[in-house]
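Q:
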Amino acid sequence: MTTLKPGSMLLGTTRPAELRAWYIKALAPEFTGEGAIDLGGFLLVIDGRDDVEAKNDQPGRAIVNFHVDDFDAVEAQLNAAGVEWISIADRPKGRFGTFADPDGNYLQIIEWSKDA
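Each residue of the sequence shown is one higher than the last, beginning at 1 in UniProt numbering.
#1: Can the beta-carbon of I46 be found less than 7 Å from the beta-carbon of R20?
#2: Quick test of the definition: if touching needs 3 or more C-beta pairs under 8 Å, does the segment 95 to 109 touch the segment 73 to 81?
#3: Report the residue from G104, P102 and L11 whose alpha carbon sits nearest the alpha carbon of R49.
#4: Note down the Cα distance separating E18 from D103, rounded to an integer number of angstroms.
#5: In the structure shown, what three-state DSSP assignment does E34 receive?
#6: Between the segment 20 to 40 and the segment 78 to 91, do at least 3 Cβ pairs fall closer than 8 Å?
#7: Which partner residues does Y106 have in the DSSP bridge list?
If you want it as structure tokens, here you go:
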């Protein structure tokens, strides 16, 4: 059996241009071009859809996690982009920061503890 490796994620929205601009500003400020946003080899595809609500009413159902080496530096980058923080917490396994995109989808940055 083969273990599948994720390569991309489709994010449906009622406002694709606005959401795409937010993701580039917050997560990939050096990205240029059209199409999928390259997040270090994982592609984010943002598509306009009429089968989704404008706001995600269950944002905790699926959370995209970004593992980081320097939480403070990434937190500063996200603050400069104007992200809406849900929580920042130190836990036994590491430091977790949860934030939301303009549609209300949750994302997290995680700096794992050395012994996690």
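We put the beta carbon where it would ideally sit given N, CA and C, even for glycine.
A: On the basis of the coordinates in this document:
#1: Their beta carbons are under 7 Å apart, which means I46 touches R20 by this criterion.
#2: The segment 95 to 109, when compared against the segment 73 to 81, does touch it at the 8 Å Cβ threshold.
#3: It is L11 whose Cα lies nearest to the Cα of R49.
#4: Spanning the two alpha carbons is a distance of roughly 10 Å.
#5: Three-state result, E34: coil.
#6: Because the criterion of three Cβ pairs below 8 Å is met, the segment 20 to 40 and the segment 78 to 91 touch.
#7: Answer is A100.
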